[in-house]
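What follows is a single structure, written as structure tokens, with notes after it.
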Amino acid sequence: ASLGIAVAATPEASDEHGPSELDHSFADIQKTIATIRQQTQDTIQAHRRYVSGDYGLLSTVGHLVSAQVWTLDRQAAVSAGRQRFTGWLYEQFLPVLWDHWQVVNCGSDYGCPLPPQGPLMRWFPDPDFPDPTRHTSIDGVLPKQLPCHAEFLNSTAVCHWATFDEQGYGPSVATLIGAVSPACTYDPRAGTSWRYGSCSLGVPVGTILSGSKPWTFNQVSCDFSIAPIFQPLGFDCISPHVSVPATPSQAVGRVTGVGTRDATVTMSLEHPVTGRIDLRGARVRVRQLLREATADAADELLAHRNGQDVLPRVVPVAASATRHAAAFKSSVGAFRLRGTLSVDEGMLKVDIRIHGASLDAPQGCSRQSRTSHLGHHLIVVDGNARLIQSLALLPWHCATERDGSIGLYYPAAPPSRMVPTD
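According to this note's numbering, the residues represented by the sequence shown are 1 to 422, in order.
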């Protein structure tokens, strides 16, 4: 019951666009229970036929039962069955609803309040700092959540760790790790047995945090103190529910018409992914695409021709999408955003093309270095509500084209495509 109540309070437990991982797990459990019930009925019937067809066996079993030499303790079987069935349900559901967090450098110095040091959470204070709240690494299990929120390239991140009690999981934790009391231990003389709703499972905390089956929670690792140039504190912990690191393994981009109201943007990103990716019903969240980071501000260069913001934008894939390929598009007047998603041999590829947009010239293009750091932030949510993100700040190269216009390239365009800027 507590699991059911907590589902509604868990942000990533369900999704309005198609079945979630929780839905799939529940369906698998229903199928497993139905299969067990059917197999049990078939086995009982088969045993009855076998015994009734063998007079010697029937005589022997009947004598042992009538003499009470061979007796079935039904209450003991029911007690053990209840306890194991409840444990199995927890093993199936909790890895869907909870995550295993490993966070480095959380503490007051970084604006990262520590979660309570509860039964499933361990702190490891930095020995160089006597105050454990200043620099601490945490390792433990918490409900699925996005604890840190910040606008891209802001100087600070705001964090709050949702606890088990806040998400309604308090009774679940108590049932999971609470010691099995004498009243829940089967004893025919005392009339005690394991009962639903009032008995605990007694699973050791070390077993849950070991990461071994069946407690294979999604592993979320991040360093709250990561703050390279132009990136905010907590950058690595803002959107932790991703299958790959935030920096793309491969990125290619080209922009023409910079400084005009008829720019064209082409970008390709590739990420390694593990597990099943289903692009049917997926969505692409384009939060930023060409956001310039300067010493005092960060501005999105891309806009509608009338100067209005066009990002962030959420674009669903077309209904013709398959498990491994999908297309998406969105348009506002002359502004057209199109793209494709594809999964092949463990790589997710995202191709984006934008036409008819207004794009300001980066400030970095007017400097001698002819390089401007531009940030992009894209999130792909697949049909199973799995989040995969591309979040990076890349050194785009400014080039003067042969017709005198400005182009942007990452990596730098071949020399044949540029002329000297002197």
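We put the CB at the ideal spot given by N, CA and C, even for glycine.
Own chain, CB closer than 7 Å to residue i, minus 5 neighbours either side, in chain order
i      : result
GLY383 : GLY18, ASP278, LEU279, ARG280, GLY281 and ALA282
TRP98  : VAL141, LEU142, PRO143, LYS144 and PHE217
HIS355 : THR264 and ARG336
THR207 : TRP215
ARG261 : ARG305 and SER358
VAL242 : Here VAL242 scores only 36 on pLDDT, less than 50, and its place in the model should not be relied on; the value that follows carries that caveat. LEU387, ILE388 and GLN389, listed in sequence order.
Helix, strand or coil at residue i [DSSP, three-state]
i      : result
LEU114 : coil
CYS222 : strand
ALA77  : helix
HIS397 : strand
PRO316 : strand
HIS160 : coil
GLN68  : coil
SER405 : coil
GLY107 : coil
VAL203 : coil
HIS63  : helix
LEU359 : strand
GLN145 : coil
PHE85  : helix
SER390 : strand
ILE379 : strand
SER441 : For residue 441 there is no data in the structure shown, the boundaries of the chain being 1 and 422.
ILE177 : helix
HIS100 : strand
THR266 : strand
GLU166 : coil
GLN92  : helix
Environment of residue i [buried if 16+ CB atoms lie within 10 Å]
i      : result
VAL284 : buried
THR347 : Checking the sequence, you will find Met at residue 347 rather than Thr. Label assigned to MET347: exposed.
ILE138 : buried
PRO115 : buried
ASN306 : exposed
GLN424 : It is not possible to answer for residue 424, since the shown part of the chain is limited to 1 through 422.
GLN319 : According to the sequence displayed, residue 319 carries Ala and not Gln. So ALA319 ends up on the exposed side.
PRO214 : exposed
ILE388 : buried
ALA321 : buried
THR40  : exposed
VAL380 : buried
Pairwise C-alpha distance: residue j and residue i
i      : j      : result
LEU57  : THR86  : 36 Å
ARG335 : HIS304 : In the sequence as displayed, the identity of residue 335 is Phe instead of Arg. Near 6 Å, if we compare the C-alpha coordinates of HIS304 and PHE335.
LEU289 : ALA325 : 22 Å
CYS365 : SER390 : 24 Å
ALA77  : ARG195 : 12 Å
ASP309 : LEU302 : 8 Å
SER52  : PHE93  : 42 Å
VAL96  : GLN45  : 37 Å
SER59  : LEU72  : 18 Å
ARG84  : MET121 : 25 Å
PRO130 : TRP123 : 14 Å
TYR90  : GLN38  : 23 Å
CYS106 : SER79  : 44 Å
LEU378 : VAL104 : 25 Å
SER358 : VAL258 : 8 Å
ARG276 : ILE33  : 24 Å
GLN363 : ASP126 : 41 Å
THR175 : GLY197 : 8 Å
LEU201 : HIS160 : 30 Å
TYR409 : ARG287 : 20 Å
ASP54  : GLY81  : 30 Å
Nonlocal neighbours in the same chain, by C-beta distance under 8 Å from residue i, ignoring five residues either side
i      : result
GLN75  : TYR186, PRO188 and SER193
VAL205 : PRO119, LEU120 and ILE177
Neighbourhood of residue i by C-beta, 6 Å cutoff - its chain only, sequence neighbours within 5 removed
i      : result
VAL317 : ALA282, ALA326 and PHE328
MET267 : GLY253 and ILE352
ASP360 : LEU301
VAL173 : PHE164
SER405 : none
ARG338 : LYS329 and ARG353
THR340 : ALA327 and ASP351
PRO312 : ARG287
Contact test: residue i Cβ vs the ligand FMN heavy atom, cutoff 6 Å
i      : result
CYS106 : Absent from the structure shown: the ligand FMN. Ligands present: none.
### Message
When you compare the region 249-259 with the region 170-184, are there three or more beta-carbon pairs, one atom per stretch, that lie closer than 8 Å?
### Response
no
Should the region 372-383 be regarded as contacting the region 396-406, the criterion being three or more beta carbon pairs within less than 8 Å?
yes
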